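**Q** With our numbering, letter number 115 in the sequence shown gets 138, and the count goes up by one each step, no holes.
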Amino acid sequence: HDGKLAGFVVAIVTIALGTGGIKSNVAPLIADQYSRKSMVVKTKPKTGERVIIDPALAYHQIYIIYYGCIEIGSLSSLATPFMEKHIGFWAPFVLTFCAFCLALVILVLGRRFYVAQPAEGGVITRAFKVAALMVVSRSLDAPKPSWRATRGKSSVPWDDSFVEDIKKTLNACKVFAFYPIIWVCFTQLSSNLVSQAAQMETHGVPNDFMQSLEQITVLLFLPIIDRIIMPFLRNRGIILRPVTRIAIGFFAIGLGVSYAAIVQKLIYNAPPCYEHPLACSAAKVNGTILPNKVHIAVQTPLYICFGIASIHLNVAGPEYAYTQAPPSLKSFIQSLYLLTVAFGSALAMALVPVSIDPEVLWMFVGVAVTTFVVGASMYFTLRHLDRQEE
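Structural data, given as structure tokens:
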């Protein structure tokens, strides 16, 4: 293919390496700029009202803003389908390149203003050694120097507090273990749901334009949830801790995939091709291929569900990864959280053989049921971690 395939592979690998480096470090770097670590009571100078400054809520606010900025950038998907259609596929890539160049310039020029945690050599190696001792000794306290000293065990090059930090980190990893099915769901946004849109009457709208509704939903509902719903609940003594917010996200995205199955059934019930959209002789009219008679707008509710789920899952996950990790392991734990994306993508690839008509309907049903089951299992097995946050 004149080197095109090789160039494509190099581009994918390079993007993957860059994405891994950015996502695992940017979020912790942003959160590191907030220095308060304990709650304090302050008096507002204008009103005299005494308020509690809670770092946990501050970190939540930081990640809300961070995720909002990501979604603002994602609004480029409003333009890219039309750029692909009317200019060419090269145009969106140039747009992305220019955006990253601008971001790099801002990052370099502002580096002297950032609070940056010093790198600690060997900390990841020590973390794995601690975990190995826990497994071998079948005790979470076995790596502690104090535990080993009372039992005549060999000394170790860390202190008790480091082991406690690793125990908190393991709690975060328990939550992340449930995340791969979430990424299977989100993968549908750029794969099967795009194909589903192509099977309906688009009325001139590019079929990959609809996924932009997810970003629009996030930007609309993010301030509503953060500024209205969450304060309303807090004022009544209801604080949604990370595990609970993640469970809400599981439920919302499960609803979204369930609705996708309903839309697929509507398509299969519509002429001209019923269970084989775009693939029957009746669809060929005057040299064009007609989709089934279902309006593309019926997809809208599923993108709203995905957007609401995204607000909870993509804020609570990185936030929990940061707050549970020791300072020296924050980027590493963030990378473990992102590793679940790889597992989810692998699972999504395994579903490719059944992502064809008419089997894709049952694929949606299976993913939806699995999401509900995994979400419920996560909540009922790990909700005690929320109580530890209180």
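Beta carbons are placed, not taken as given, at the ideal position from N, Cα and C, and that holds for glycine.
If you're wondering where the values come from, they're calculated on a predicted model, not measured in any experiment.
Out of curiosity, what's the CA-to-CA distance linking Gln-411 and Ile-75?
**A** Here residue 411 refers to the residue found at position 388 of the sequence shown. Here residue 75 refers to the residue found at position 52 of the sequence shown. Taking the straight line from one Cα to the other gives about 19 Å.
**Q** What residue does the beta strand (DSSP E) around Thr-225 start on, and which one ends it?
**A** By 1-based counting over the sequence shown, the position of residue 225 is 202. Counting along the chain, Thr-225 falls outside any beta strand (DSSP E), and DSSP gives it neither H nor E.
**Q** Tell whether a beta-carbon distance below 8 Å holds between Val-280 and Phe-123.
**A** For the purposes of this step, residue 280 is taken as the residue at position 257 of the sequence shown. For the purposes of this step, residue 123 is taken as the residue at position 100 of the sequence shown. Cβ distance not < 8 Å, so Val-280 and Phe-123 don't count as in contact.
**Q** From the DSSP output, read off the bridge partner residues of Lys-307.
**A** On the sequence shown, residue 307 is found 284 positions in, with the first residue counted as 1. According to DSSP, which records beta bridges pairwise, Lys-307 is partnered with Ile-312.
**Q** Taking Gly-83 as the reference, which of Glu-107, Leu-405 and Ala-339 has the closest Cα?
**A** As a working mapping, residue 83 is identified with position 60 in the sequence shown. The question names Gly, yet the displayed sequence has His at residue 83. The residue with the shortest Cα to Cα distance from His-83 is Ala-339.
**Q** What three-state label does DSSP hand Ile-76 in the structure shown?
**A** Residue 76 sits at position 53 when you count from the first residue of the sequence shown. Of the three classes helix, strand and coil, the one that applies to Ile-76 here is strand, per DSSP.
**Q** To the nearest angstrom, how far is it from the Cα of Ser-184 to the Cα of Asn-194?
**A** Here residue 184 refers to the residue found at position 161 when the sequence shown is read from its first residue. Here residue 194 refers to the residue found at position 171 when the sequence shown is read from its first residue. Cα to Cα, Ser-184 sits roughly 16 Å from Asn-194.
**Q** Do the CB positions of Val-241 and Asp-231 come within less than 8 Å of each other?
**A** Locating residue 241 in the sequence shown gives position 218, counting from the first residue. Locating residue 231 in the sequence shown gives position 208, counting from the first residue. Their beta carbons are not under 8 Å apart, which means Val-241 does not touch Asp-231 by this criterion.
**Q** What are the residues that DSSP puts in a beta bridge with His-318?
**A** Taking the first residue of the sequence shown as 1, we reach residue 318 at position 295. DSSP output for His-318 lists Glu-224 as bridge partner(s).
**Q** Measuring only the C-alpha atoms, how far is Lys-197 from Leu-236?
**A** Taking the first residue of the sequence shown as 1, we reach residue 197 at position 174. Taking the first residue of the sequence shown as 1, we reach residue 236 at position 213. Looking at the two C-alpha atoms, the distance is approximately 32 Å.
**Q** Look at Ser-414 and Val-64 and say whether their C-beta atoms are less than 8 Å apart.
**A** The question about residue 414 has no answer, for the chain in this structure spans 24 to 413.
**Q** Out of Arg-59, Gly-96, Pro-203 and Arg-149, which one is the CA nearest neighbour of Ala-79?
**A** On the sequence shown, residue 79 is found 56 positions in, with the first residue counted as 1. Among Arg-59, Gly-96, Pro-203 and Arg-149, the Cα nearest to that of Ala-79 belongs to Arg-59.
**Q** Comparing alpha-carbon positions, which option in Ser-354, Ser-160, Met-372 and Pro-166 lies nearest Pro-180?
**A** Residue numbering aside, residue 180 sits at position 157 when the sequence shown is read from its first letter. The option with the nearest alpha carbon to Pro-180 is Pro-166.
**Q** Roughly how many angstroms separate the alpha carbons of Ala-320 and Tyr-345, rounded to a whole number?
**A** By one-based count along the sequence shown, residue 320 stands at place 297. By one-based count along the sequence shown, residue 345 stands at place 322. For Ala-320 and Tyr-345, the distance between alpha carbons rounds to 38 Å.
**Q** Is the number of C-beta pairs between the region 203 to 211 and the region 270 to 277 that are closer than 8 Å three or more?
**A** Yes, the region 203 to 211 touches the region 270 to 277.
**Q** Quick one: what's Val-63 bridged to in DSSP?
**A** The residue labelled residue 63 in the question sits at position 40 within the sequence shown. Val-63 pairs with Ile-76.
**Q** Taking one C-beta from the region 250 to 261 and one from the region 328 to 335 each time, how about it: are there three or more such pairs within less than 8 Å?
**A** Touching, no, given that fewer than three Cβ pairs across the two stretches are closer than 8 Å.
**Q** DSSP on Leu-163, reduced to helix/strand/coil?
**A** Indexing the sequence shown from 1 puts residue 163 at position 140. Three-state DSSP puts Leu-163 in coil, outside helix and strand.
**Q** I'd like to know whether the C-beta atoms of Pro-300 and Pro-314 end up nearer to each other than 8 Å.
**A** Locating residue 300 in the sequence shown gives position 277, where the first residue counts as 1. Locating residue 314 in the sequence shown gives position 291, where the first residue counts as 1. For Pro-300 and Pro-314, yes; Cβs fall inside 8 Å.
**Q** Could you tell me which uninterrupted alpha helix (DSSP H) segments, each at least 4 residues in length, are contained entirely in the region 166 to 222, listed from first to last along the chain?
**A** The qualifying runs are 168 to 173, 183 to 199, 203 to 210 and 215 to 221.
**Q** Answer yes or no: do Leu-289 and Val-308 have a C-beta to C-beta separation smaller than 8 Å?
**A** Along the sequence shown, one-based indexing puts residue 289 at 266. Along the sequence shown, one-based indexing puts residue 308 at 285. Going by C-beta atoms, Leu-289 is not nearer than 8 Å to Val-308.
**Q** With distances taken Cα to Cα, identify the nearest neighbour of Ala-81 among Ser-61, Leu-132 and Ile-95.
**A** As a position in the sequence shown, residue 81 is number 58, starting the count at 1. The shortest Cα separation from Ala-81 among Ser-61, Leu-132 and Ile-95 belongs to Ser-61.
**Q** Taking the alpha carbon of Ser-99 as the reference point, which residue from Gln-238, Lys-152 and Thr-70 has its own alpha carbon closest?
**A** For this step, residue 99 is matched to residue 76 along the sequence shown. If we check each option's Cα against that of Ser-99, Gln-238 comes out closest.
**Q** With respect to the alpha helix (DSSP H) encompassing Arg-406, which residues constitute its N-terminal and C-terminal limits?
**A** The residue labelled residue 406 in the question sits at position 383 within the sequence shown. From DSSP, Arg-406 is part of no alpha helix (DSSP H); its letter is neither H nor E.
**Q** Grouping DSSP H, G and I as helix and E and B as strand, with all else coil, what is Thr-393?
**A** Counted from its first residue, the sequence shown places residue 393 at position 370. Thr-393: helix per DSSP, three-state reduction.
**Q** Helix, strand or coil: how does DSSP classify Gln-84 here?
**A** In the sequence shown, counting from the first residue as 1, residue 84 sits at position 61. Gln-84: helix per DSSP, three-state reduction.
**Q** So, Phe-244 versus Ile-334, is the Cβ gap smaller than 8 Å?
**A** Locating residue 244 in the sequence shown gives position 221, where the first residue counts as 1. Locating residue 334 in the sequence shown gives position 311, where the first residue counts as 1. The answer is yes: Cβ separation under 8 Å.
**Q** For the alpha helix (DSSP H) that contains Thr-42, what are its first and last residues?
**A** Locating residue 42 in the sequence shown gives position 19, where the first residue counts as 1. 27 to 55 is the extent of the alpha helix (DSSP H) around Thr-42.
**Q** With a threshold of 16 other CB atoms inside 10 Å of the CB of Ser-47, please say whether the residue is buried or exposed.
**A** Counted from its first residue, the sequence shown places residue 47 at position 24. So Ser-47 counts as buried.
**Q** Would Ala-220 be called buried (16 or more neighbouring beta carbons within 10 Å of its own) or exposed?
**A** Position 197 of the sequence shown holds residue 220. Buried: at least 16 other Cβ atoms inside 10 Å.
**Q** Considering Cys-328, what are the terminal residues of the alpha helix (DSSP H) in which it resides?
**A** For the purposes of this step, residue 328 is taken as the residue at position 305 of the sequence shown. Looking at the DSSP string, the run of the alpha helix (DSSP H) that includes Cys-328 is 323 to 347.
**Q** Would you mind stating whether Asp-55 and Val-138 have Cβ atoms separated by less than 8 Å?
**A** Within the sequence shown, residue 55 is the residue found at index 32, counting from 1. Within the sequence shown, residue 138 is the residue found at index 115, counting from 1. Yes. Within cutoff.
**Q** If you check the beta carbons only, do Glu-342 and Pro-265 fall under 8 Å apart?
**A** Taking the sequence shown and counting its residues from 1, the one referred to as residue 342 is at position 319. Taking the sequence shown and counting its residues from 1, the one referred to as residue 265 is at position 242. The answer is yes: Cβ separation under 8 Å.
**Q** Given Ala-154, which residues of its chain have a CB within under 7 Å of its CB, disregarding the five upstream and five downstream residues?
**A** Mapped onto the sequence shown, residue 154 falls at position 131. Here the set comprises Ile-189.
**Q** Looking only at its chain, what residues have a beta carbon closer than 7 Å to the beta carbon of Pro-115, apart from the 5 residues adjacent to it on each side?
**A** For the purposes of this step, residue 115 is taken as the residue at position 92 of the sequence shown. The residues are Thr-103, Met-106 and Glu-107.
**Q** Give the secondary structure of His-414 by DSSP, where H, G and I count as helix, E and B as strand, and everything else as coil.
**A** A question about residue 414 goes unanswered here, because the residues of the chain that appear run from 24 up to 413.
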